Amino acid sequence: MSKSDDVELLRSVDLSREELARYSRHLILPEVGLAGQRALKAASVLLVGAGGLGSPLGLYLAAAGVGRIGIVDDDVVEVSNLQRQVLHGSSALGTSKVESAARRIADLNPHVDVMRHSVRLDASNALELVSGYDLVVDGSDNFTTRFVVNDACVLARRPNVYGSVYRFEGQASVFDAARGPCYRCLFPNAPPPGAVPSCSEGGVLGVLPGLIGLIQATEAIKLIAGLGETLVGRLLVYDALEMRFTSLAVAKDPSCPVCSEHPTIVELHDEAVLCETPLEDASGADSAENIGPRALRALLDRGDPIALVDVREPYEREIVSLANTHEIPLDELEERLRELPTDREIVVYCRSGARSARAARALREAGFGRVRNLEGGVLGWIDEVDPSLARY
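Note that the sequence shown covers residues 1473 to 1864 in this note's numbering.
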């Protein structure tokens, strides 16, 4: 479609009297004006994830008047989400995030057409989903999805507005292979197993996704309306503790496996990145090296000589802990091996099983004979043995 065709298409997009009043603060911005608001109404955006980043994205893209917003997420609203996922409320607990988001957006702006995709985006459906929208805003929380989103955007020639958060730090950029680098130019491959902290164990400051999500929403609006200078070719890094933004240049990789002149990735595939306890734990561990909560409870009730080792941090144990436990944070384990008994079985646990899996492997390598990892960690224990304990 030529530029003149684009202009004619936008002229055909009508704004009702109510919409003119709703978007009046946009219309009096000469950089936006009627043409920009028409472009927003004519645009379609695929929002990947309706969680921490997806919440401000969904709210502000809808409020800005983006005409069609697709939301893809297969999760349900949990109470631990509400600390940062402001798109949802307590009344939505247990319901689909997509449905909850759609209801909130419909209330915020009934002029927005919300497309519900209550599925997990993966290699089997990403290209079809991405191809149905003008641009993609990635609010996912794992490397596997980010790589699939990136590759689908490159193959479908769609801009990818990227954001990520962890603890007190966030990142944002715009990856558009037609004009600059893609996500794989910055991160060519998924990190090795064990190098990625648990998606739920790392924690995140509740306001952080709000800030990064708003940056993503800003970039999406700029792309649609043709405003200013976007983050193409730049990675914006935010440190909440220092209240500091840093802008880093990102160059296009001439040997990028997906966006170079001679790509090796020509179709989508899911890259497995272990974010929870891996089945093999990167070292070939089998089921005999793990123990379930109920099985552990039975052994303890029977009086078997078992040493429990908690490798969480002290602040986590203040929330919930198990009785009669050796308390050694994972990063202190190597220096404190002498504190552990060598004459009985050791069961290591953490919050969900990822850190303790690494600890169990380290203990075996240090010469401890019988070491097992508690599957599911404290959360598994709460779910299967003692639901009276506090979850976090």
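We treat Cβ as the ideally placed atom computed from N, Cα and C, and that holds for glycine.
The model shown is predicted, which means the values in this text are computed figures rather than measured ones.
In the three-state scheme derived from DSSP, where H, G and I count as helix and E and B as strand, E1817 is classed as strand.
When C-alpha distances from S1828 are compared across I1800, R1540, G1839, the shortest belongs to I1800. DSSP places E1811 within a helical segment (H, G or I) once states are collapsed to three.
The residue from R1497, I1500, P1502, L1506 with its alpha-carbon nearest to that of L1487 is L1506.
Look at H1741 here: in three-state DSSP terms it is coil, with no helix or strand label.
Going by DSSP, V1626 is part of no beta strand (DSSP E) but of the alpha helix (DSSP H) stretching over 1615–1628. Inclusion of A1832 and E1761 in the CB contact set at 8 Å is warranted, their separation being smaller than that value.
Non-local beta-carbon contacts of L1805 in its own chain, meaning distances under 8 Å to residues more than five positions away in sequence, involve V1783, A1831, A1834, L1835 in chain order. For H1498, the secondary structure class from DSSP, reduced to helix, strand or coil, is helix. The distance from the Cβ of V1570 to that of S1590 is about 5 Å, consistent with a contact at the 8 Å cut-off. The Cβ atoms of S1793 and V1722 lie no closer than 8 Å to each other. C1731 is not a Cβ neighbour of C1822, given a cutoff of 8 Å. When C-alpha distances from G1537 are compared across K1694, V1704, L1707, L1720, the shortest belongs to K1694. Note that the C-beta distance between L1740 and A1595 is below 8 Å. By alpha-carbon distance to A1522, the top candidate from R1510, A1515, A1511, D1546 is D1546. A1650 is positioned such that its CB atom lies no closer than 8 Å to that of A1511. Residue V1626 holds the alpha-carbon nearest to the alpha-carbon of D1606 among R1592, V1626, V1679, L1708.
Distance from V1584 to I1541 at the Cβ level is roughly 6 Å; contact confirmed, criterion being Cβ atoms closer than 8 Å. In this structure, DSSP gives A1779 an extended state, which the three-state scheme calls strand. V1549 and Q1509 have their C-alpha atoms roughly 32 Å apart.
Here I1854 carries a helix assignment [DSSP, helix/strand/coil].
One Cα belongs to Q1643, the other to S1636, and the distance between them is close to 5 Å. In this structure, the alpha-carbon of P1729 lies about 45 Å from that of R1494.
Taking C-beta separations shorter than 8 Å and ignoring five residues to either side along the sequence, the partners of A1712 in its chain run F1640, E1641, G1642, L1677, V1679, L1680, L1683, following chain order. When only Cα atoms are considered, I1818 and D1776 end up about 11 Å apart.
Excluding the 5 residues flanking it on each side, R1769 has same chain C-beta neighbours closer than 7 Å at V1857, in chain order.
Proximity to L1720 across G1530, G1611, P1653 peaks at P1653, based on C-alpha coordinates.
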